[in-house]
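Chains as they are written, first to last, in the numbering used here: chain A, 1 to 212; chain B, 213 to 434.
Working notes for the structure below.
In structure tokens form, the structure reads like this:
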């Protein structure tokens, strides 16, 4: 067990949550950060689905990595991801129908998530299955973390609710408070992500490029 | 082995595709039955939702006790029982002129449910309209969508939007008067429902869906 969670493996698992976050540092998966963050619930489910699929795809590609012909490696990665996503979507439809209805198009969108291809190409092609699995979980959770932060602000300020429950009291509305409709529009997700990146880089000078 | 040779690449790709194809075909066919059952049950839940019956333990049993018949409207407005199988989508049925009416009984009172189908901003929207015995007063509604924007167009699924329909009238003389108007512009509260601000196209979609799908029922509803 000691070896399974060596210092290097812990780093693989935890740096994507902070200093090597896929969204704010690697700037991958921005597209879905816009689409699913108007409310908290779909953001969380999307984050978990991406975590599971990144982990599995990383393991599969890592096992195959020495046999994959270099010239068609991207195609092979894409086929593995697409197959996994389709299987997960079919299983959800059969055993968790309500969840699959709620996710609707987003499950299919996971295929196009840059984080998956990015991690397969950058990590799973060079590392063993166990490290790749940790890397997938780490990056998936790092992605989920940003999604949840963005969705928290968008739902709270845009609809005045969290998980659909009203947070901002009726009294505030009667006193003239209005929900910020702009928060529900996709551009606001980019602005919030940008604020997170700003905050993170201000706190961690090592992330800043040296100015020449 | 040379993994960069042409023949290796081609064989690798072919084998991979065949394996994946078999895997997906196997998963799909082995889960098909369970999925169909879910879709059917979900449709029944949607029909019950149009009668303001939600969160029931056993939707199948409730459906069987509440819905007395899946009927088809004839040219003269009379109803004949549907001989075909239970439908889970009414797009084709509406397009082919098979006008379904579900005859229901809630607390001893006769109700009718009519399926509707239309287009939202990003994809299809559909719903069920529950009517009172007079065939003109809305008893309850259910709307759903495939991919409208959460927080905007997707608000058509919320009780806040749907409860507005209760008590509205369907036919205004010769035309379908029931409609969705721009947010905050309700002039005639007997027929008009407040649209969703920020979800204009979806609201217009609901409006068009109601007009297009209820109009053919004129003979039955009058």
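For every residue, glycine included, the Cβ atom is placed at its ideal position computed from N, Cα and C.
All of these numbers come straight from a predicted model, not from anything done at the bench.
In chain order, what residues of the same chain have a beta carbon less than 6 Å from the beta carbon of residue 100 of chain A, not counting five sequence neighbours either side?
Working through the first chain from its first residue, we reach residue 100 of chain A at position 100. Cβ neighbours of residue 100 of chain A beyond the five flanking positions: 92, 93.
Just verifying my parser: in three-state terms, what is the DSSP assignment at residue 338 of chain B?
On the second chain, position 126 is the one that residue 338 of chain B refers to. Here residue 338 of chain B sits in strand by DSSP.
Taking the beta strand (DSSP E) that residue 330 of chain B falls in, what are its first and last residues?
Residue mapping note: residue 330 of chain B aligns to position 118 of the second chain, counting from 1. From DSSP, the beta strand (DSSP E) with residue 330 of chain B extends over 321–331.
For residue 217 of chain A, count neighbouring C-beta atoms within 10 Å of its own C-beta (all shown protein chains included) and say buried if the count is 16 or more, exposed if not.
Shown here, chain A extends from 1 to 212; a query on residue 217 of chain A therefore has no answer.
Just the Cα atoms here: how many angstroms apart are residue 149 of chain A and residue 422 of chain B?
Position 149 of the first chain holds residue 149 of chain A. Position 210 of the second chain holds residue 422 of chain B. A straight line joining the alpha-carbon of residue 149 of chain A with that of residue 422 of chain B spans about 39 Å.
Compare the Cα-Cα distances from residue 284 of chain B to each of B/277, B/298, B/272 and report the closest residue.
Position 72 of the second chain, counted from the first residue, corresponds to residue 284 of chain B. Ranking B/277, B/298, B/272 by CA distance to the CA of residue 284 of chain B puts B/298 first.
So is residue 261 of chain B in contact with chain A if we call contact Cβ pairs under 8 Å?
In the second chain, residue 261 of chain B corresponds to position 49, counting from 1. Under the Cβ criterion of 8 Å, residue 261 of chain B is not counted among the residues facing chain A.
State the CB to CB distance for the pair residue 200 of chain A and residue 190 of chain A, rounded to an integer number of angstroms; the pair is presumed to be in contact (CB under 8 Å).
Stepping through the first chain from its first residue, residue 200 of chain A is reached at position 200. Stepping through the first chain from its first residue, residue 190 of chain A is reached at position 190. Rounded to whole angstroms, the Cβ separation of residue 200 of chain A and residue 190 of chain A is 15 Å, and the two are not in contact under 8 Å.
So, under 8 Å CB-CB, residue 76 of chain A and residue 232 of chain B are touching, yes? Tell me the CB distance rounded to an integer number of Å.
Stepping through the first chain from its first residue, residue 76 of chain A is reached at position 76. Stepping through the second chain from its first residue, residue 232 of chain B is reached at position 20. Contact flag wrong, Cβ pair sits at about 10 Å.
How many Å lie between residue 342 of chain B and residue 363 of chain B at the Cα?
Here residue 342 of chain B is taken as the residue at index 130 of the second chain, counted from 1. Here residue 363 of chain B is taken as the residue at index 151 of the second chain, counted from 1. In this structure, the CA atom of residue 342 of chain B is about 25 Å from the CA atom of residue 363 of chain B.
Would you call residue 198 of chain A buried or exposed, if buried means 16 or more other Cβ atoms sit within 10 Å of its Cβ?
Walking along the first chain from the start, residue 198 of chain A turns up at place 198. Exposed.
Looking only at C-alpha atoms, which of B/240, B/329, B/397 sits nearest to residue 420 of chain B?
The sequence position of residue 420 of chain B within the second chain is 208, counting from 1. When B/240, B/329, B/397 are compared, the shortest CA-CA separation from residue 420 of chain B is found for B/329.
Could you tell me the alpha carbon to alpha carbon distance between residue 47 of chain A and residue 314 of chain B, rounded to whole angstroms?
Numbered from 1 along the first chain, position 47 holds the residue referred to as residue 47 of chain A. Numbered from 1 along the second chain, position 102 holds the residue referred to as residue 314 of chain B. Rounded to whole angstroms, the separation of the alpha carbons of residue 314 of chain B and residue 47 of chain A is 40 Å.
Tell me which same chain residues have a C-beta within less than 6 Å of the C-beta of residue 415 of chain B, skipping the five on either side of it?
Against the second chain, residue 415 of chain B aligns to sequence position 203. If we look at residue 415 of chain B and ignore the five residues flanking it on each side, its Cβ neighbours are 392, 407, 408.
What is the C-beta distance between residue 116 of chain A and residue 37 of chain A, in whole angstroms, given that I count them as a contact (C-beta under 8 Å)?
The residue labelled residue 116 of chain A in the question sits at position 116 within the first chain. The residue labelled residue 37 of chain A in the question sits at position 37 within the first chain. For residue 116 of chain A against residue 37 of chain A, the beta-carbon gap comes to about 18 Å, at or over 8 Å, which does not count as contact.
Would you call the stretch 274–281 of chain B and the stretch 241–251 of chain B in contact, with 3 or more CB pairs under 8 Å?
The answer is no - the stretch 241–251 of chain B does not touch the stretch 274–281 of chain B, with fewer than three Cβ pairs under 8 Å.
Might you give, ordered along the chain, the residues of its own chain that have their beta carbon closer than 7 Å to the beta carbon of residue 167 of chain A, omitting 5 neighbours on each side?
Here residue 167 of chain A is taken as the residue at index 167 of the first chain, counted from 1. Excluding positions up to five away in sequence, the list reads 156, 160, 161.
Report the option in A/107, A/90, A/163, A/50 whose CA atom is closest to the CA atom of residue 118 of chain A.
Stepping through the first chain from its first residue, residue 118 of chain A is reached at position 118. Cα-wise, what sits closest to residue 118 of chain A is A/50.
For the stretch 218–235 of chain B, list every residue whose C-beta sits within 8 Å of some C-beta in chain A, in sequence order.
Here the close residues are 220, 221, 224, 225, 228, 229, 232, 235.
For residue 240 of chain B, go through chain A and note every residue whose CB falls closer than 7 Å to its CB, in chain order.
Taking the second chain and counting its residues from 1, the one referred to as residue 240 of chain B is at position 28. 90, listed in chain order.
Chain-ordered neighbours of residue 196 of chain B on chain A, where CB pairs are closer than 9 Å
A query on residue 196 of chain B cannot be resolved here, the shown segment of chain B reaching from 213 to 434 and no further.
Quick one: does residue 304 of chain B have its CB under 8 Å from some CB of chain A?
Numbered from 1 along the second chain, position 92 holds the residue referred to as residue 304 of chain B. Not closer than 8 Å to any Cβ of chain A, the Cβ of residue 304 of chain B fails to qualify, so no.
Can you grab the Cα-Cα spacing for the pair residue 12 of chain A / residue 225 of chain B, in whole Å?
Counting from 1 along the first chain, the entry for residue 12 of chain A is found at position 12. Counting from 1 along the second chain, the entry for residue 225 of chain B is found at position 13. For the pair residue 12 of chain A and residue 225 of chain B, the Cα-to-Cα distance works out to about 31 Å.
Three-state secondary structure (DSSP) of residue 154 of chain A
Position 154 of the first chain holds residue 154 of chain A. Three-state DSSP puts residue 154 of chain A in a helix.
So which residues on chain B does residue 87 of chain A lean against when the C-beta distance must stay under 8 Å?
Here residue 87 of chain A corresponds to residue number 87 of the first chain, with the count starting at 1. 235, 236, 239, listed in chain order.
Counting only the same chain and skipping the five closest in sequence on each side, list residues whose C-beta sits under 7 Å from that of residue 311 of chain B.
Here residue 311 of chain B is taken as the residue at index 99 of the second chain, counted from 1. Within the same chain, and ignoring the five residues on either side of residue 311 of chain B in sequence, the residues whose Cβ sits closer than 7 Å to its Cβ are 284, 285, 428, 429.
Spell out a yes or no on whether the stretch 260–271 of chain B and the stretch 350–365 of chain B are touching, meaning 3 or more CB-CB pairs, one atom from each, closer than 8 Å.
The count of Cβ pairs closer than 8 Å, one atom from the stretch 260–271 of chain B and one from the stretch 350–365 of chain B, reaches three, so the stretches are in contact.
Using 8 Å for Cβ pairs, my map puts residue 106 of chain A next to residue 22 of chain A. What's the rounded Cβ distance?
As a first step, residue 106 of chain A is located in the first chain; it is residue number 106 there, counting from the start. As a first step, residue 22 of chain A is located in the first chain; it is residue number 22 there, counting from the start. Between residue 106 of chain A and residue 22 of chain A a beta carbon distance of about 17 Å is seen, past the 8 Å cut, so the two are scored as non-contacting.
Backbone secondary structure at residue 380 of chain B - three-state DSSP
Start at 1 with the first residue of the second chain, and residue 380 of chain B comes out as number 168. Coil at residue 380 of chain B, not helix or strand.
Tell me the rounded alpha-carbon separation between residue 227 of chain B and residue 188 of chain A.
Numbered from 1 along the second chain, position 15 holds the residue referred to as residue 227 of chain B. Numbered from 1 along the first chain, position 188 holds the residue referred to as residue 188 of chain A. Those two C-alpha atoms are separated by around 45 Å.
Could you compute how far the alpha carbon of residue 413 of chain B sits from the alpha carbon of residue 334 of chain B?
Translated into positions along the second chain, residue 413 of chain B becomes position 201. Translated into positions along the second chain, residue 334 of chain B becomes position 122. If I take the Cα positions, the gap works out to 9 Å.
How about residue 134 of chain A and residue 9 of chain A: are their beta carbons less than 8 Å apart?
Taking the first chain and counting its residues from 1, the one referred to as residue 134 of chain A is at position 134. Taking the first chain and counting its residues from 1, the one referred to as residue 9 of chain A is at position 9. Annotated as proximal: residue 134 of chain A and residue 9 of chain A, with beta-carbon spacing under 8 Å.
Output yes or no for whether 8 Å exceeds the beta carbon distance between residue 158 of chain A and residue 127 of chain A.
Taking the first chain and counting its residues from 1, one reaches residue 158 of chain A at position 158. Taking the first chain and counting its residues from 1, one reaches residue 127 of chain A at position 127. Their beta carbons are not under 8 Å apart, which means residue 158 of chain A does not touch residue 127 of chain A by this criterion.
Note down the Cα distance separating residue 306 of chain B from residue 165 of chain A, rounded to an integer number of angstroms.
For the purposes of this step, residue 306 of chain B is taken as the residue at position 94 of the second chain. For the purposes of this step, residue 165 of chain A is taken as the residue at position 165 of the first chain. Going from the Cα of residue 306 of chain B to the Cα of residue 165 of chain A covers about 37 Å.
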